Amino acid sequence: MALSNLRSGVTRAREELEALALEPVVAMTAASSPSPADQVAGSAAEQGARIFIGTQAVIHRVQDAALVAFLDFDQELLAPRYRASEEALRLLMLASRQVGGREGGGRGGGREGGGRVGGREGGGRVVVQTRRPDHEAIEAALRAEPLLVSIAEASRRELLGFPPAANIAVVGYEAAAEFIRRLGDPEGVEVQAGEDGQWLLRSRVPGRLQDVLSEVARPAGRLRLQVDPARLRR
Numbered sequence: 002m003a004l005s006n007l008r009s010g011v012t013r014a015r016e017e018l019e020a021l022a023l024e025p026v027v028a029m030t031a032a033s034s035p036s037p038a039d040q041v042a043g044s045a046a047e048q049g050a051r052i053f054i055g056t057q058a059v060i061h062r063v064q065d066a067a068l069v070a071f072l073d074f075d076q077e078l079l080a081p082r083y084r085a086s087e088e089a090l091r092l093l094m095l096a097s098r099q100v101g102g103r104e105g106g107g108r109g110g111g112r113e114g115g116g117r118v119g120g121r122e123g124g125g126r127v128v129v130q131t132r133r134p135d136h137e138a139i140e141a142a143l144r145a146e147p148l149l150v151s152i153a154e155a156s157r158r159e160l161l162g163f164p165p166a167a168n169i170a171v172v173g174y175e176a177a178a179e180f181i182r183r184l185g186d187p188e189g190v191e192v193q194a195g196e197d198g199q200w201l202l203r204s205r206v207p208g209r210l211q212d213v214l215s216e217v218a219r220p221a222g223r224l225r226l227q228v229d230p231a232r233l234r235r
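Here the working numbering is used: the first residue of the sequence shown is 2, the next is one more, and so on.
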């Protein structure tokens, strides 16, 4: 049986890119990010580098670039989160801003390989490696029309019961079970138990979930209550 590595880590990718580029490559991850008070690319190695690779930390730490490339962007497009498309478009917009906006982009300058988004005078580009070049987030970035994502998301969230079609809340930590017991079975609120010791509450009646939660006495112990969380696995 032959096995292949389909998802290399940042360190491995940095080593391979460095060998191809024949110059230093700086790896950046959330763990290696400086404090907000530090200067962007503060270390001596980063100041002299021309090539950076890493996680989303690169987008936030490198303020100007001639080229931004997303490797295997399907990890963002197809992530098991209900806001995956929205977050993917946000990353593309941040990257486009890094390379100087959207001059030369759009339908005419559209796709090369996986996809190219945006550009600037002088050659700034955002290159996207994906098996889904027709995804609404890619199309929205190419056309500079975020409404394409909004339209697709509206019907999807209505079907699945995610905001703004419904209000949701996640209850977790040690006191969660007692909180759910005290909550009971209120009308208009759906309660789902998760395998990770968390509960998902959902209501399609505007304001109903907030009213019900406000009436539950908080139990002793650690309790986490997130209403309409930004990140939730779908």
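Think of the CB as a built atom: it goes at the ideal place given N, C-alpha and C, for glycine as much as any other residue. Treat the numbers as computed from the prediction; the structure is a model and nothing was measured.
Checklist entry - What number of angstroms, rounded off, separates the C-alpha of residue 17 from the C-alpha of residue 64? => result Translated into the one-based positions of the sequence shown, residue 17 becomes position 16. Translated into the one-based positions of the sequence shown, residue 64 becomes position 63. Approximately 24 Å between the Cα atoms of the pair.
Item to check | Identity of the residue in 31, 50, 224 nearest residue 25 by Cα | outcome: Residue numbering aside, residue 25 sits at position 24 when the sequence shown is read from its first letter. The candidate whose alpha carbon is nearest that of residue 25 is 50.
Checklist entry - CB-CB under 8 Å to residue 148, same chain, minus the five flanking residues each way: which ones, in chain order? => result Against the sequence shown, residue 148 aligns to sequence position 147. Hits under 8 Å: 141.
Checklist entry - Where DSSP assigns a beta bridge to residue 29, which residues make up the other side? => result Reading the sequence shown from its first residue, position 28 is the one you call residue 29. Residue 29 is bridged to 55.
Item to check | Collapsed DSSP secondary structure at residue 172 in the structure displayed | outcome: Residue mapping note: residue 172 aligns to position 171 of the sequence shown, counting from 1. Residue 172 falls in the strand class under three-state DSSP.
Checklist entry - Where do the ends of the alpha helix (DSSP H) carrying residue 67 lie? => result Translated into the one-based positions of the sequence shown, residue 67 becomes position 66. Run containing residue 67: none; DSSP gives neither H nor E here.
Checklist entry - Around the Cβ of residue 215, are there at least 16 other Cβ atoms within 10 angstroms (buried) or fewer (exposed)? => result Residue mapping note: residue 215 aligns to position 214 of the sequence shown, counting from 1. Flag for residue 215 reads exposed.
Next on the checklist: Beta-carbon within less than 6 Å of residue 182's beta-carbon, same chain only, minus the 5 sequence neighbours each way: which residues are those?
Outcome noted: Counting from 1 along the sequence shown, the entry for residue 182 is found at position 181. Same-chain partners within the cutoff: there are none.
Checklist entry - What did DSSP end up calling residue 218 once you bin it into helix, strand or coil? => result Here the question's residue 218 lines up with position 217 in the sequence shown. Coil at residue 218, not helix or strand.
Next on the checklist: By alpha-carbon positions, which one of 217, 95, 224, 229 ends up nearest to residue 204?
Outcome noted: As a first step, residue 204 is located in the sequence shown; it is residue number 203 there, counting from the start. It is 229.
Checklist entry - What are the partner residues of residue 227, as DSSP defines its beta bridges? => result Walking along the sequence shown from the start, residue 227 turns up at place 226. Answer is 171.
Item to check | Inter-residue spacing [alpha-carbon to alpha-carbon] between residue 195 and residue 97 | outcome: Taking the first residue of the sequence shown as position 1, residue 195 is located at position 194. Taking the first residue of the sequence shown as position 1, residue 97 is located at position 96. Rounded to the nearest angstrom, the two C-alpha atoms are 38 Å apart.
Item to check | Nearest-angstrom beta carbon gap, residue 161 and residue 83 [assumed within contact, 8 Å] | outcome: As a position in the sequence shown, residue 83 is number 82, starting the count at 1. As a position in the sequence shown, residue 161 is number 160, starting the count at 1. Yes, they are in contact, since the Cβ atoms of residue 83 and residue 161 sit about 7 Å apart, within 8 Å.
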